[in-house]
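As structure tokens, the structure follows; a few thoughts come after it.
Number of protein chains: 2
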Amino acid sequence: MVKLNFKKGDGILPAIAQDFKSGKVLMMAYMNSYAWRLTLQTGEAHYWSRTRGEIWHKGATSGNIQIVKEIIVDCDHDAILLKIKQLGGAACHLGYESCFHNKIDKDGKETITGKKIFDPEKVYKNEFA
Amino acid sequence: MVKLNFKKGDGILPAIAQDFKSGKVLMMAYMNSYAWRLTLQTGEAHYWSRTRGEIWHKGATSGNIQIVKEIIVDCDHDAILLKIKQLGGAACHLGYESCFHNKIDKDGKETITGKKIFDPEKVYKNEFA
Chain V
36 MVKLNFKKGD GILPAIAQDF KSGKVLMMAY MNSYAWRLTL QTGEAHYWSR TRGEIWHKGA
96 TSGNIQIVKE IIVDCDHDAI LLKIKQLGGA ACHLGYESCF HNKIDKDGKE TITGKKIFDP
156 EKVYKNEFA
Chain R
36 MVKLNFKKGD GILPAIAQDF KSGKVLMMAY MNSYAWRLTL QTGEAHYWSR TRGEIWHKGA
96 TSGNIQIVKE IIVDCDHDAI LLKIKQLGGA ACHLGYESCF HNKIDKDGKE TITGKKIFDP
156 EKVYKNEFA
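The listed protein sequences correspond, in order, to chains V and R.
36 is the number of the first residue of the first sequence in the working numbering; add one for each residue after it.
36 is the number of the first residue of the second sequence in the working numbering; add one for each residue after it.
This is the structure:
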């Protein structure tokens, strides 16, 4: 059984979610050991929400669940890569396919790329997930 | 000029390095605001080494510099995605193409995937970068 170095990240480790087909990086969140265990057990991505201080079953509110196809851990056992199938087509709570949609040029200027898949106001109704 | 939320990560934010052609996730490290500025200014990935407590110009020792092709920031401005060209063909200090080379199955069993591109003992000579 693999042991992750949760101590290194004060109890939480970064987890990257990448589309298992396109290779697009969709989001980055954090897992504590319980979220890690739930992810392994259920085959659906669970994170630790630092903002809300609770386990976050991604998609529980929006239906945009992440089906885990492959899990890869890095050389130091302190970062996690999930290759996932993103239900609903959008990982970002703002409705974009990917949370990584702010392109930065050499001068630090920001341009939004990618298009909205859904309208977050209709999906979340004052909730967040 | 984009403002990153360095406060959210106590001064450092996670940065993912992804091969700009294959889409393979190569490594994850951290940047403080100075590493971020150096990365923008030089077009080469700079990180903050938490272990060594210093700026880490990736590849300075090994020659395995990361040429930045594109920078994308996430919706919350607290995570960075670098699309890079990895000189030397290997991002991992253990000599693998990617730091993410430990595949985890459903039972938590770990299998090393990917092959070594270089022998770290010959490259680093007791150093690390």
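Glycine included, each C-beta is placed from N, C-alpha and C at the ideal position.
Which residue comes first and which comes last in the alpha helix (DSSP H) that contains residue i?
{"i": "K157 of chain R", "result": "P155 to Y159"}
Helix, strand or coil for residue i, going by three-state DSSP, please let me know.
{"i": "K43 of chain R", "result": "helix"}
{"i": "T86 of chain V", "result": "coil"}
{"i": "L48 of chain V", "result": "strand"}
{"i": "L129 of chain R", "result": "coil"}
Using 8 Å as the limit for Cβ to Cβ distance, is residue i near chain R?
{"i": "L129 of chain V", "result": "yes"}
{"i": "V158 of chain V", "result": "no"}
{"i": "D154 of chain V", "result": "no"}
{"i": "A114 of chain V", "result": "yes"}
{"i": "G46 of chain V", "result": "no"}
{"i": "I102 of chain V", "result": "no"}
{"i": "M66 of chain V", "result": "no"}
{"i": "G94 of chain V", "result": "no"}
{"i": "K138 of chain V", "result": "yes"}
Go to residue i, then tell me how far its beta strand (DSSP E) extends in each direction, as first and last residue.
{"i": "A165 of chain R", "result": "The question about residue 165 of chain R has no answer here: the residues shown for chain R are numbered 36 through 164."}
{"i": "T74 of chain V", "result": "Segment S68 to T77 is the alpha helix (DSSP H) holding T74 of chain V; no beta strand (DSSP E) there."}
{"i": "H112 of chain R", "result": "Segment: none, H112 of chain R is in no beta strand (DSSP E) and carries neither H nor E."}
{"i": "F55 of chain V", "result": "Per DSSP, F55 of chain V belongs to no beta strand (DSSP E) and is neither H nor E."}
{"i": "T166 of chain R", "result": "This structure leaves residue 166 of chain R out entirely; chain R is present only between 36 and 164."}
{"i": "K138 of chain V", "result": "F135 to I139"}
Sort the options by Cα distance to residue i and report the nearest one.
{"i": "L116 of chain V", "options": "V:V37, V:V60 and V:K141", "result": "V:V60"}
{"i": "G98 of chain R", "options": "R:I139, R:M36 and R:V158", "result": "R:V158"}
{"i": "Y65 of chain R", "options": "R:F153, R:F41, R:D111 and R:K138", "result": "R:F41"}
{"i": "G58 of chain R", "options": "R:G143, R:N137 and R:K118", "result": "R:K118"}
{"i": "E105 of chain R", "options": "R:G46, R:M36, R:F55 and R:I139", "result": "R:F55"}
{"i": "S84 of chain R", "options": "R:T96, R:Q76, R:L75 and R:A70", "result": "R:A70"}
{"i": "Q53 of chain R", "options": "R:A95, R:P155, R:G124 and R:E145", "result": "R:G124"}
{"i": "N67 of chain V", "options": "V:T86, V:G44 and V:E132", "result": "V:G44"}
{"i": "Y82 of chain V", "options": "V:V108, V:I47, V:D113 and V:H112", "result": "V:I47"}
{"i": "G143 of chain R", "options": "V:W91, V:I107 and V:K150", "result": "V:I107"}
Please confirm if residue i has its CB atom under 8 Å from at least one CB of chain V.
{"i": "F55 of chain R", "result": "no"}
{"i": "K150 of chain R", "result": "no"}
{"i": "F135 of chain R", "result": "yes"}
{"i": "I106 of chain R", "result": "yes"}
{"i": "L75 of chain R", "result": "yes"}
{"i": "G124 of chain R", "result": "no"}
{"i": "K141 of chain R", "result": "yes"}
{"i": "G58 of chain R", "result": "yes"}
{"i": "I90 of chain R", "result": "no"}
Assuming residue i and residue j are in contact, meaning their beta carbons sit under 8 Å apart, how far apart are those beta carbons, in whole angstroms?
{"i": "I100 of chain V", "j": "L122 of chain V", "result": "5 Å"}
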